[in-house]
Amino acid sequence: MRIQKVNERTIRIFISFTELADRDITMADLFQRSPKTEQLLWELISQAREEVEFNLDQPFWIQATVASNDEFVITVMKQEDQPEAPVQEKEKRKPSKGRLSEWVYVFEDLEDAISAAGRLPQFAQLRSGLFEFEEEYYLVLSRLGSGKKRQLAEAVLDEFGELTGMTKAFLIEHGQTIVAEKAVQTLKASFGVWKPKPAKS
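When you line the sequence shown up against our numbering, it's residues 9 to 209, in that order.
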């Protein structure tokens, strides 16, 4: 087991399948947020506090993924409070949204894309994909409908990212596909907001 501090907000914890098996934790446990998984996570966060001085005193995101044939990586990211952007400032985004059938939003980092996806309202027919190109992240969305839910989606996306003239076809050809289909649903399901445990008295 090893802990890597990416920056002040993010750490990665690498743990082998053997170490999971020693704790009687299966892959299903890891992805279903079982009691055993929660206990393991808090132990790892406590270890990270000691080893890399990573203190969690605010809500945070976690993601568990397979890093290799014999190792998992658990990513822990602090969730930052983002003030809501005034609606009147949204008009500066180009191109015009009214005529778009496909929206492509660019985000400076993956955390912003995750934050945006987590705050989007539910759309029954939503289609979405997530791509990486030149160290930026692109969320492609279509079938956002109309009305207040679409306006809310615009406000959320403008808060964390920026509408761009990039196309899905270009990103598929020249970028890296991270989530080809149902990216918004996948980000919501894979990343959950956790809150720090209260300090012991």
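Where is the CB? At the ideal position from N, CA and C, for every residue including glycine.
No experiment lies behind these values; they were computed from the predicted model shown.
**Prompt:** Excluding the five sequence neighbours on either side, which residues of its own chain have a C-beta within less than 7 angstroms of the C-beta of V14, listed in chain order?
**Reply:** R20
**Request:** Could you check which residue in F62, L147, D78 has the C-alpha nearest to that of K86?
**Result:** F62
**Prompt:** Can the beta-carbon of V114 be found closer than 8 angstroms to that of Y146?
**Reply:** yes
**Message:** So, under 8 angstroms CB-CB, G137 and A191 are touching, yes? Tell me the CB distance rounded to an integer number of Å.
**Reply:** 5 angstroms
**Asked** From F141, E162, I122, Q12, pick the residue whose C-alpha is nearest to that of K196; which is it?
**Response** I122
**Request:** Tell me whether A132 is buried or exposed, calling it buried when 16 or more other Cβ atoms sit within 10 Å of its Cβ.
**Result:** exposed
**Request:** Using only alpha-carbon positions, find the residue among R151, E58, E170, V164 that is nearest to A124.
**Result:** V164
**Request:** Would you mind reading off the limits of the alpha helix (DSSP H) that contains S123?
**Result:** 118-127
**Asked** Out of curiosity, what's the CA-to-CA distance linking I33 and L48?
**Response** 9 angstroms
**Prompt:** For the alpha helix (DSSP H) that K157 lies in, which residues bound it at each end?
**Reply:** 156-168
**Prompt:** For the putative contact between Q184 and E140, defined by C-beta atoms under 8 angstroms, what is the C-beta separation to the nearest angstrom?
**Reply:** 4 angstroms
**Item:** Buried or exposed by the 16-neighbour rule on C-beta atoms within 10 Å, applied to G153
**Value:** exposed
**Residue interval of the alpha helix (DSSP H) (run including E59)** = 43-60
**Message:** What does the Cβ neighbour count give for L160, buried or exposed, with the cut at 16 atoms within 10 Å?
**Reply:** exposed
**Request:** In angstroms with no decimal places, state the Cα-to-Cα distance between D120 and D30.
**Result:** 35 angstroms
**Item:** Distance, V148 Cα to E162 Cα
**Value:** 13 angstroms
**Item:** Boundaries of the alpha helix (DSSP H) in which T26 is found, first to last residue
**Value:** 25-30
**Message:** Given this structure, state the Cα-to-Cα distance separating M174 from E181, to the nearest angstrom.
**Reply:** 12 angstroms
**Item:** Where G169 falls, given that 16 or more other Cβ within 10 Å makes a residue buried
**Value:** buried
**Contacts around S24, its chain only, beta-carbon distance under 8 angstroms, and the 5 residues preceding and following it disregarded** = M9, D78, E79, F80
**Prompt:** Would a C-beta distance cut-off of 8 angstroms place T172 and V112 closer than the cut-off?
**Reply:** yes
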